[in-house]
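Asker: Just so we're aligned: the sequence shown equals residues 1 to 183 in this note's numbering.
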Amino acid sequence: MLIAQQKLKENIAEYILYMYQIEDVIRAYHFDLNKIMEKYVKPQLPDPSFYSSYSQWYDGLIRGMHSQKIEEKGHLHQIQEVMVELSFLHNTLLNISKDEKYKGVYERASDAIQDFREKSNLKEKNDIELIFHAMYMKLLLRLQKKEINTESEEAFDNMRVMIAYLSRAYHQMKNGELTFFNN
Numbered sequence: 001m002l003i004a005q006q007k008l009k010e011n012i013a014e015y016i017l018y019m020y021q022i023e024d025v026i027r028a029y030h031f032d033l034n035k036i037m038e039k040y041v042k043p044q045l046p047d048p049s050f051y052s053s054y055s056q057w058y059d060g061l062i063r064g065m066h067s068q069k070i071e072e073k074g075h076l077h078q079i080q081e082v083m084v085e086l087s088f089l090h091n092t093l094l095n096i097s098k099d100e101k102y103k104g105v106y107e108r109a110s111d112a113i114q115d116f117r118e119k120s121n122l123k124e125k126n127d128i129e130l131i132f133h134a135m136y137m138k139l140l141l142r143l144q145k146k147e148i149n150t151e152s153e154e155a156f157d158n159m160r161v162m163i164a165y166l167s168r169a170y171h172q173m174k175n176g177e178l179t180f181f182n183n
C-alpha cells in the first residue's frame with residue numbers, strides 16, 4: 001500500500017509493475033485476505049500499526065478484482081486507466097509534438113517490441129501494454145533467478161529506456177510541466 005502510493009507519485013512505470021505483482025500475489029493466495037495478510041503482508045510490515053490499513057487496501061483490491069471479473073487474468077481498471085493515459089501520451093509524443101528524443105528511444109525499442117509481440121500471445125496489445133508485459137516477464141525471470149541471454153537483455157534495456165522516458169513525461173504532464181509543442 002505505502003509502496004504503491006509512493007510509486008504512483010514518483011514512477012508510474014514502477015507502479016504498474018508493482019500492481020501487476022500485487023494482482024498475482026492475490027491470485028496466488030486464492031483471494032484469501034487472511035492468508036495474504038498473515039503470510040505475505042505481515043512479515044514485510046514496516047510497523048504493526050499499518051496492519052489495518054493494509055488489510056483494507058488488499059480487501060479493496062480483492063473486491064475490485066472480483067467485481068471486474070479478473071480472477072484469472074487481466075488488470076484492475078485503475079491500472080488500465082493509467083495504461084490508456086500512457087498510450088495516449090506515447091502517441092502524442094510521436095505524432096503530435098514529434099518529440100525527437102522520444103522518437104529515437106522508440107525506434108531503438110521497436111524491433112524488440114515487434115519480436116516480443118511475435119513470440120507472445122499478446123498480439124492485440126498496443127506497444128505500451130506489450131512493453132509492460134515484457135518488463136513484468138523480465139521481473140518474474142529475475143525473481144526465479146533464471147538467466148537472461150545477452151540479446152534479450154539488450155532488448156529489455158531498449159524497452160526500459162523507452163518506458164523510463166515515457167514515465168518521466170507522464171509525471172511532467174500530470175504536474176503541468178510538459179508542453180507538447182515546444183520540442
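The beta-carbon is built from N, C-alpha and C at its ideal position, and this holds for glycine as well.
Which word fits PHE88, buried or exposed, when buried means at least 16 other C-beta atoms lie within 10 angstroms of its C-beta?
Answerer: Looking up residue 88 in the sequence shown gives position 88. So PHE88 counts as exposed.
Asker: Contact check, HIS90 vs ASP127 under 8 Å by CB: the rounded distance?
Answerer: Taking the first residue of the sequence shown as position 1, residue 90 is located at position 90. Taking the first residue of the sequence shown as position 1, residue 127 is located at position 127. That belief holds up - the Cβ atoms of HIS90 and ASP127 are roughly 7 Å apart, short of 8 Å.
Asker: What is the DSSP secondary structure of LEU94, counted as helix, strand or coil?
Answerer: Counted from its first residue, the sequence shown places residue 94 at position 94. It is helical.
Asker: List in chain order: all unbroken beta strand (DSSP E) runs of 3+ residues lying wholly within the segment 112-158.
Answerer: none
Asker: What three-state label does DSSP hand LYS69 in the structure shown?
Answerer: Translated into the one-based positions of the sequence shown, residue 69 becomes position 69. Three-state result, LYS69: coil.
Asker: GLU23: buried (16+ other C-beta within 10 angstroms of its C-beta) or exposed?
Answerer: Here residue 23 refers to the residue found at position 23 when the sequence shown is read from its first residue. Burial call: buried.
Asker: Helix, strand or coil for ASP59? Go by DSSP, reduced to three states.
Answerer: The residue labelled residue 59 in the question sits at position 59 within the sequence shown. Helix at ASP59.
Asker: Using a Cβ-Cβ cut-off of 8 Å (strictly less than) and excluding sequence neighbours within five positions of LEU33, which residues of its own chain qualify?
Answerer: Along the sequence shown, one-based indexing puts residue 33 at 33. Around LEU33: SER55, TYR58, ASP59 and ILE62.
Asker: Whole angstroms are fine: how far does the CA of GLU85 sit from the CA of ASN183?
Answerer: The residue you call residue 183 lines up with position 183 of the sequence shown. The residue you call residue 85 lines up with position 85 of the sequence shown. Residue placement at ASN183 cannot be trusted, given a pLDDT of 48 that sits under 50; what the coordinates show is reported in the next sentence. The straight-line gap from Cα to Cα measures roughly 20 Å.
Asker: Taking all protein chains shown into account, decide if LYS138 is buried (16 or more other Cβ within 10 angstroms of its Cβ) or exposed.
Answerer: Position 138 of the sequence shown holds residue 138. With 16 or more Cβ atoms within 10 Å of its Cβ, LYS138 is classed as buried.
Asker: According to DSSP, is GLU177 helix, strand or coil?
Answerer: For the purposes of this step, residue 177 is taken as the residue at position 177 of the sequence shown. In the structure shown, GLU177 sits in coil (DSSP, three-state: anything other than H, G, I, E or B).
Asker: Counting Cβ pairs closer than 8 Å, one from the segment 66-80 and one from the segment 33-45, do we hit at least three?
Answerer: no
Asker: Smallest Cα separation from TYR106: which of ILE148, GLU118, ASP157 and LYS125?
Answerer: Position 106 of the sequence shown holds residue 106. In this structure, ASP157 is the residue among ILE148, GLU118, ASP157 and LYS125 with its C-alpha nearest to the C-alpha of TYR106.
Asker: Return the CA-CA distance between GLU10 and VAL82, expressed in angstroms with no decimal places.
Answerer: Position 10 of the sequence shown, counted from the start, is the residue given in the question as residue 10. Position 82 of the sequence shown, counted from the start, is the residue given in the question as residue 82. Answer to the nearest angstrom: the Cα atoms are 14 Å apart.
Asker: Please state the DSSP three-state secondary structure of MET1.
Answerer: Taking the first residue of the sequence shown as position 1, residue 1 is located at position 1. Note: MET1 maps to coil in three-state DSSP.
Asker: Short of 8 Å in beta carbon distance, which residues of its chain neighbour GLN21, apart from the five on each side in sequence? Order them along the chain.
Answerer: Translated into the one-based positions of the sequence shown, residue 21 becomes position 21. The answer, listed in chain order, is TYR136 and LEU139.
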